[in-house]
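J.: Please read through the structure below; I'll follow up with questions.
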Amino acid sequence: MRRIVVAAAFLAAIGSGAALAQGGPPGSPSWEDTVIMASPSGSVTQRKITDKAMMDMVMRGATPLRPGTMVMVHGGKMYTIPDRRMSNGRMLAEEIMRTLQ
1422 MRRIVVAAAF LAAIGSGAAL AQGGPPGSPS WEDTVIMASP SGSVTQRKIT DKAMMDMVMR
1482 GATPLRPGTM VMVHGGKMYT IPDRRMSNGR MLAEEIMRTL Q
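Following this line, the structure appears as structure tokens:
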């Protein structure tokens, strides 16, 4: 259950913008050039990258997340999980958030 809470906290930080001092929604200018890091221990931090050389290095090999992508910490590793419709007709992300209420 802790792993789901960690993933939900990460998603909430990304989805709401509450973790960012700038506070804008994802995709807004305030999120531009911000890296979000989640450790296996569950801590989530964000930093603005201002150095162009560092940004170029960070973006090398980067791939965009698809809408609805979740992040899960399990067995000391981090995984991305695409949102998908489950057999009950609900989306996986919706089910996870429902179980946390």
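Counting from 1422, one number per residue, gives the positions in the sequence shown under this note's numbering.
Where is the CB? At the ideal position from N, CA and C, for every residue including glycine.
Computed from a predicted model, the values in this text were never measured in an experiment.
#1: Could you give the C-beta distance for P1461 and V1494, rounded to a whole number, given that I count them as a contact under 8 angstroms?
#2: Buried or exposed: A1459, going by 16 or more other Cβ atoms within 10 Å of its Cβ?
#3: Please confirm whether A1514 and G1482 have their CB atoms less than 7 angstroms apart.
#4: Would you mind reading off the limits of the beta strand (DSSP E) that contains M1493?
#5: Within the present structure, is the beta-carbon of I1457 separated from the nearest heavy atom of the ligand ATP by less than 6 angstroms?
#6: Please return the same chain residues whose Cβ sits closer than 8 angstroms to the Cβ of M1512, not counting the five positions on each side in sequence.
#7: Do you know how far the Cα of G1510 is from the Cα of M1518?
T.: This is what the structure holds:
#1: 6 angstroms
#2: buried
#3: no
#4: 1491-1495
#5: Looking for the ligand ATP in the displayed structure turns up nothing, as the structure carries no ligands at all.
#6: G1489, D1504, R1505, R1506
#7: 15 angstroms
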